[in-house]
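In full-length UniProt numbering, the protein residues as written are 1 to 682. Each residue gets a CB set at the ideal place from its N, CA and C atoms; glycine is no exception. Since we're looking at a predicted model, the values are computed, not measured.
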């Protein structure tokens, strides 16, 4: 008998989901986050959920955790002071950076370049040089390295990055610098670029390794703090953190390479959506994860989420695999306002957050938010959570009235306007990951989760033409569910950089096999049994002369069968989908990657008892709400009492502990075998 605990720490709430792997039963709990020390909120949650389930913390085998601690360190500029050791003549690698300027014309006039994560005064250079083939051109000199490291010690750096030219081809020089650093700067974490990112392109490799070093002390402190807190509570299970690419890594690995957990938070939602899709028999899904401050969207095709080779956090763009998640500043707490100049309604990206929060929460908020508009329209019933949580509808009305007055329209029209605009913002983000990547959204279902996702999913599905709109089981804690149901994953990369015409399939397979052995050994060291490990490969291809490459996943068998020609044909197809044209230039194979994964958890979803299609047993009360420009009669249902096969005509509201689902007029919802609500046009 084993238990897995998924824990997702968000800005407002910490969500927990405890799974009994034998029976598939689960318990869920939400507790307020404690930003000053997240482990406090986590412990409150662990104590509460164990009491609910009648288990001891010692019974939990796996503690699986999605965290934004690394993300926030970068966004808030709270990373450690990093010292950088690089090759003579390359001292300004971070300052020169890439000549990319965001924004349209004249963007460059007002765009302040973000401050590099390693300051110029904390950058030192050493003698010695490798060639691009990985042979030593000039030797390194220990005395010279000691001087450079002594200099960094005097500066008081809190972390060290070593990124030497061409180290991706041969890391021997970096290793030696690392050995001396351990001796001269004891206790200071050292990140070596050939271990963090063994790929060509000096700036990207250096930046990624510096970012890794910057968040290491923060993440290290967080993990060790959490570990000791859990141990005090009697929990001895395995502690793993969610990677940006949706796999798990051991906490000890995360302390060494935290650059891989920068997008740990949003990845949980995508892996949770994947588990729901599998159980609901859906293959293609767009995810809509609506929190208090922001909305994250992602695309899953054929039960495979789109991954990308870069992780973006604020201005920082590092080379580390991540799920392709786009974020917009539109959430339940987004503030509505009417600028003096244009007199046109705007919503977000400013948010009322957790404190003071929306006016309806009665915690001192005064500005009208999306949540307030939902309350005014009757989409969010006043007494939630079985009456334990009372919403202040009058206060919400007064706040939204200020918008109505500024626009010279009536209250309901103003409230609906706020909802329409926030829905359009979500629609815009979804277009970025579907239409603009060459996917037709009409071939996908739209799944809404997070606190406010199910309130908006019906309306956004209408804009997208993506049906059914899905409100999954326990949408509010879906990220924690994702943390609990995903699998261990690790990867390694190597630069190849040759024309495809000069490479053979055998040669590629030889290198990939060697890399696969290395990644499998990594997972085995983390306690994954060898029999459960599977490997897959990625190959980055581009047309010779291009500056960007397209990653393709491949297995050794396919490579043996179709040869290099097979890869190139797939590249042409993908390139055509992304850019609508192909070129007749020769192909170049840029990088090779091997990924090793543990066994996916085949966790069953518990089936609901069968009903006769009539949801009357779940009816709580009659209700009126404002939709399609008029007041309409609706019914409120209790989700816990719905049975499989129940049919709910809109307009209707389905309430549950952690979320509220809105079914619009002209639509009808059905409850599937495992309890997901699927909404379609009537």
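A straight-line Cα-Cα distance of about 29 Å links residue 510 and residue 318.
The DSSP-derived three-state label of residue 637 is strand.
Within the segment 83-150, the complete beta strand (DSSP E) segments of 3 residues or longer fall at 123-126 and 136-138, listed in chain order.
Residue 487 and residue 600 have their C-alpha atoms roughly 5 Å apart. Within the same chain, 3 come within 7 Å of residue 55 by CB-CB distance, once the 5 residues on both sides are set aside. Pairing residue 113 with residue 313, the inter-Cα distance amounts to about 15 Å. Under the 10 Å beta carbon count, residue 366 is surrounded by fewer than 16 other beta carbons and is classified as exposed.
Here DSSP, grouped into helix, strand and coil, assigns residue 203 to helix.
Collapsing the DSSP output to three states places residue 178 in a helix. In the three-state reduction of the DSSP assignment, residue 412 falls in the helix class.
Annotated three-state conformation of residue 69 is helix, per DSSP.
Ranking 340, 68, 364 and 174 by CA distance to the CA of residue 160 puts 174 first. Residue 560 counts as exposed, since fewer than 16 other beta carbons sit within 10 angstroms of its beta carbon. The C-beta separation of residue 7 from residue 68 comes to about 12 Å, leaving the pair out of contact by the 8 Å criterion. Cβ-Cβ distances below 8 Å link residue 95 to 116 and 120 in the same chain, with the five nearest sequence neighbours on each side left out; the list follows chain order.
When DSSP reads this structure, residue 448 sits in a beta bridge with 288. Residue range 316-318 is occupied by the beta strand (DSSP E) that includes residue 317, with no alpha helix (DSSP H) assigned at that position.
Collapsing the DSSP output to three states places residue 263 in coil. As DSSP reads the structure, residue 238 sits in a beta bridge with 62. The Cβ-Cβ distance between residue 549 and residue 590 falls below 8 Å.
Assignment of residue 309 by DSSP, reduced to helix, strand and coil, places it in the coil class. Contact between residue 266 and residue 289 holds, with the beta-carbon distance rounding to 7 Å and staying under 8 Å. Of the residues assessed, residue 483 falls on the buried side of the cut-off, its CB having 16 or more other CB atoms within 10 angstroms. As the crow flies, the alpha-carbon of residue 86 is around 38 Å from that of residue 294. Three or more beta-carbon pairs drawn from the segment 11-23 and the segment 473-483 are found closer than 8 Å, and the two stretches are therefore classed as touching. Distance between residue 645 and residue 503, taken at the CA atoms: about 56 Å.
Within the same chain, Cβ atoms closer than 6 Å to the Cβ of residue 70 are found at 215, 219, 258, 261 and 262, the five residues on either side in sequence being excluded.
In summary, residue 58 is exposed, with fewer than 16 beta-carbon neighbours lying within 10 Å of its beta-carbon over all protein chains present. In the three-state scheme derived from DSSP, where H, G and I count as helix and E and B as strand, residue 610 is classed as strand. With contacts defined as CB atoms closer than 8 Å, residue 465 and residue 456 fail to qualify as a contacting pair. CA-to-CA, the gap between residue 407 and residue 335 works out to about 16 Å.
Looking at 255, 461, 494 and 498, the one whose alpha-carbon comes closest to that of residue 424 is 461.
Taking C-beta atoms as the reference points, residue 640 and residue 664 fail to come closer than 8 Å. DSSP, reduced to helix, strand and coil, places residue 645 outside both helices and strands of the structure shown, so it counts as coil.
Within the DSSP bridge table, the entry for residue 232 names no partner. Annotation for residue 459: 423 place their beta carbon closer than 6 Å to its own, counting only its chain and skipping 5 residues before and after.
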